Amino acid sequence: MEKWRRILRKSVTDAAELASRFDIPREEMDRIVSQFPVQITPYYLSLIKHKGDPLYRQVVPDVRELDESYLYQDPLAEDTHSPVPNIVHRYPDRCLFLISHVCASYCRFCTRKRKVGDSDKIKSSEIQRGIEYIKAHPEIRDVILSGGDPLLLEDSKLENIIKQVRQCEHVEIIRIGSRVPCFLPQRITSSLVRMLKKYHPLYINVHFNHPDELTPQAVEALAKLADAGIPLGNQTVLLKDVNDSPEVMKKLMQKLVRARVRPYYIYQADMVFGTEHFRTRVEKGLEIIKALRGWTSGLAVPYFVIDAPGGGGKIPILPEYVVSVTDQEIMLRNYKGEIFFYRQPQEGTKQQEAVPEFACPLARDEII
Numbered sequence: 002m003e004k005w006r007r008i009l010r011k012s013v014t015d016a017a018e019l020a021s022r023f024d025i026p027r028e029e030m031d032r033i034v035s036q037f038p039v040q041i042t043p044y045y046l047s048l049i050k051h052k053g054d055p056l057y058r059q060v061v062p063d064v065r066e067l068d069e070s071y072l073y074q075d076p077l078a079e080d081t082h083s084p085v086p087n088i089v090h091r092y093p094d095r096c097l098f099l100i101s102h103v104c105a106s107y108c109r110f111c112t113r114k115r116k117v118g119d120s121d122k123i124k125s126s127e128i129q130r131g132i133e134y135i136k137a138h139p140e141i142r143d144v145i146l147s148g149g150d151p152l153l154l155e156d157s158k159l160e161n162i163i164k165q166v167r168q169c170e171h172v173e174i175i176r177i178g179s180r181v182p183c184f185l186p187q188r189i190t191s192s193l194v195r196m197l198k199k200y201h202p203l204y205i206n207v208h209f210n211h212p213d214e215l216t217p218q219a220v221e222a223l224a225k226l227a228d229a230g231i232p233l234g235n236q237t238v239l240l241k242d243v244n245d246s247p248e249v250m251k252k253l254m255q256k257l258v259r260a261r262v263r264p265y266y267i268y269q270a271d272m273v274f275g276t277e278h279f280r281t282r283v284e285k286g287l288e289i290i291k292a293l294r295g296w297t298s299g300l301a302v303p304y305f306v307i308d309a310p311g312g313g314g315k316i317p318i319l320p321e322y323v324v325s326v327t328d329q330e331i332m333l334r335n336y337k338g339e340i341f342f343y344r345q346p347q348e349g350t351k352q353q354e355a356v357p358e359f360a361c362p363l364a365r366d367e368i369i
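In my numbering, the protein residues as written are 2 to 369.
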């Protein structure tokens with residue numbers, strides 16, 4: 002048995018063990034775990050410094066998960082946009098292909114709490130139906146393999162799926178969404194990387210929410226993927242008392258770039274049942290983006306998005322950098338709050354006024 006499998010088998014899945022370790026009432030833990038299972042790899046468990054810290058909050062059940070039934074089982078209406086089992090086809094040229102129900106550890110804020118954690122494997126017949134759907138829809142040029150976590154499949158099973166998708170002539174890009182480099186970096190083996198290299202162009206979106214997750218082991222796993230020519234992007238969820246501060250997010254984004262991972266999205270937390278205690282106000286995300294844009298490398302600034310409830314897709318949320326637009330000029334506000342003017346092209350005018358080489362910025366309070 003491979004090392005990563007042995008580590009995974011030692012994961013904490015027992016409510017009694019978790020209740021004892023963190024001094025949580027056993028009855029309370031049993032109630033929560035009956036609704037949404039728990040699993041924490043020994044590796045990730047070792048990174049938790051104390052009860053209630055940012056890593057603890059992501060994976061250890063909280064009694065508040067039972068109190069918030071007014072939120073949604075399927076906030077993004079994925080099931081509504083699922084023409085066949087395990088395919089979500091919402092956008093015109095791409096689809097989501099769910100090929101696993103299980104994860105290395107279960108995030109307590111998971112968008113797919115209704116599905117993940119199911120011990121039953123996805124049937125091979127359902128996987129085949131998904132592949133046949135992709136084959137039958139030539140408009141699909143981009144396939145995102147997700148779950149659960151695709152990288153928890155055995156190499157041979159994962160390769161069988163990737164190979165069949167790659168054989169569709171109209172599929173240009175394959176992406177894999179995985180939190181394995183964060184929860185179980187030992188899974189990123191040389192044999193896995195050799196297999197993935199055969200199917201370029203292939204991208205992997207990883208998921209890190211806090212700088213403490215970027216350990217030497219995680220960075221080494223990311224390096225193996227990057228060295229194989231696999232572009233890496235990161236998706237972060239904005240979570241209360243986990244990463245809802247400009248300082249934490251800036252450190253996280255800078256550590257990701259140093260690990261050759263491009264920050265891709267910061268998600269406003271989805272409206273998933275049992276996760277109200279994780280949600281922040283949208284203004285917090287805007288504050289974080291303002292603290293990144295201009296104050297650190299552009300490479301380290303992701304998009305802040307809301308995945309619209311009801312299946313509207315990802316909508317970028319931006320600070321107000323454009324103050325006004327006229328036929329003559331655009332008034333812009335930079336990262337310091339200073340105001341600048343950009344002149345519009347004047348069609349049909351042969352001679353224009355001289356434009357000064359530098360324009361003096363106006364302070365925010367000078368604009369009426």
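Backbone N, C-alpha and C define an ideal beta-carbon position, used for all residues, glycine too. This structure is a prediction, so every number in the text was calculated from the model and none was measured.
| Beta-carbon contacts of T112 that lie in its chain and below 6 Å, excluding the five residues immediately before and after | One-based indexing of the sequence shown puts residue 112 at position 111. Excluding residues within five positions, the ones whose Cβ falls inside 6 Å are D271, V273.
| field | C-beta atoms of R180 and I145 nearer than 9 Å | value | Working through the sequence shown from its first residue, we reach residue 180 at position 179. Working through the sequence shown from its first residue, we reach residue 145 at position 144. Not in contact: R180 and I145 (Cβ atoms no closer than 9 Å).
| message | Please tell me whether, using a cut-off of 8 Å, the distance from the CB of L319 to the nearest non-hydrogen atom of the ligand NAD is below it. | response | This structure lacks the ligand NAD, and indeed carries no ligand of any kind.
| Where T276 falls, given that 16 or more other Cβ within 10 Å makes a residue buried | Working through the sequence shown from its first residue, we reach residue 276 at position 275. With 16 or more Cβ atoms within 10 Å of its Cβ, T276 is classed as buried.
| query | Near R225, what residues of its chain come up, given a Cβ to Cβ distance below 6 Å and the 5 sequence neighbours on each side ignored? | reply | What you label residue 225 is simply residue 224 of the sequence shown in a count that begins at 1. Rather than Arg, the amino acid found at residue 225 in this sequence is Lys. The residues are I189, V194.
| query | Which class does V85 belong to by DSSP, given the choice of helix, strand or coil? | reply | In the sequence shown, counting from the first residue as 1, residue 85 sits at position 84. Three-state result, V85: coil.
| query | In the structure shown, what three-state DSSP assignment does A227 receive? | reply | Numbered from its first residue, the sequence shown carries residue 227 at position 226. In the structure shown, A227 sits in a helix (DSSP, three-state: H, G or I).
| task | Pick helix, strand or coil for P378, following the three-state DSSP scheme. | result | Here the chain comprises residues numbered 2 to 369, so residue 378 is not present and cannot be evaluated.
| query | Alpha carbon to alpha carbon, how far is A78 from Q218? | reply | Counted from its first residue, the sequence shown places residue 78 at position 77. Counted from its first residue, the sequence shown places residue 218 at position 217. Straight-line Cα distance between these residues: approximately 36 Å.
| For G234, three-class secondary structure by DSSP | Working through the sequence shown from its first residue, we reach residue 234 at position 233. If DSSP states are grouped into helix, strand and coil, G234 belongs with the strands.
| field | Proximity of Q345 and E321 at Cβ, strictly below 9 Å | value | Taking the sequence shown and counting its residues from 1, one reaches residue 345 at position 344. Taking the sequence shown and counting its residues from 1, one reaches residue 321 at position 320. For Q345 and E321, no; Cβs fall outside 9 Å.
| query | Is D156 helix, strand or coil by DSSP? | reply | Numbered from 1 along the sequence shown, position 155 holds the residue referred to as residue 156. D156: helix per DSSP, three-state reduction.
| field | Enclosing beta strand (DSSP E) for F279 [first to last residue] | value | Translated into the one-based positions of the sequence shown, residue 279 becomes position 278. Where F279 is concerned, there is no enclosing beta strand (DSSP E), given that its DSSP letter is neither H nor E.
| Is M30 helix, strand or coil when you go by DSSP? | The count along the sequence shown starts at 1 and reaches residue 30 at position 29. Correct three-state label for M30: helix.
| message | Taking the beta carbon of I205 as the centre, do at least 16 other beta carbons fall within 10 Å, making it buried, or is it exposed? | response | The residue you call residue 205 lines up with position 204 of the sequence shown. Its Cβ being crowded by 16 or more others within 10 Å, I205 is buried.
| request: Let me know the alpha helix (DSSP H) ranges lying completely inside the region 37-79, each 4 residues or longer, listed in chain order. | output: 43-48, 55-60
| A229 versus M196, V60, F342, residue with shortest Cα-Cα distance | On the sequence shown, position 228 is the one that residue 229 refers to. Taking only the C-alpha atoms, the option nearest A229 is M196.
| task | Indicate whether K241 and T281 have their beta-carbon atoms separated by less than 9 Å. | result | As a position in the sequence shown, residue 241 is number 240, starting the count at 1. As a position in the sequence shown, residue 281 is number 280, starting the count at 1. Cβ atoms of K241 and T281: closer than 9 Å.
| task | State yes or no: is the C-beta of K199 within less than 9 Å of the C-beta of I231? | result | Numbered from its first residue, the sequence shown carries residue 199 at position 198. Numbered from its first residue, the sequence shown carries residue 231 at position 230. Not a contact, by the Cβ cut-off of 9 Å.
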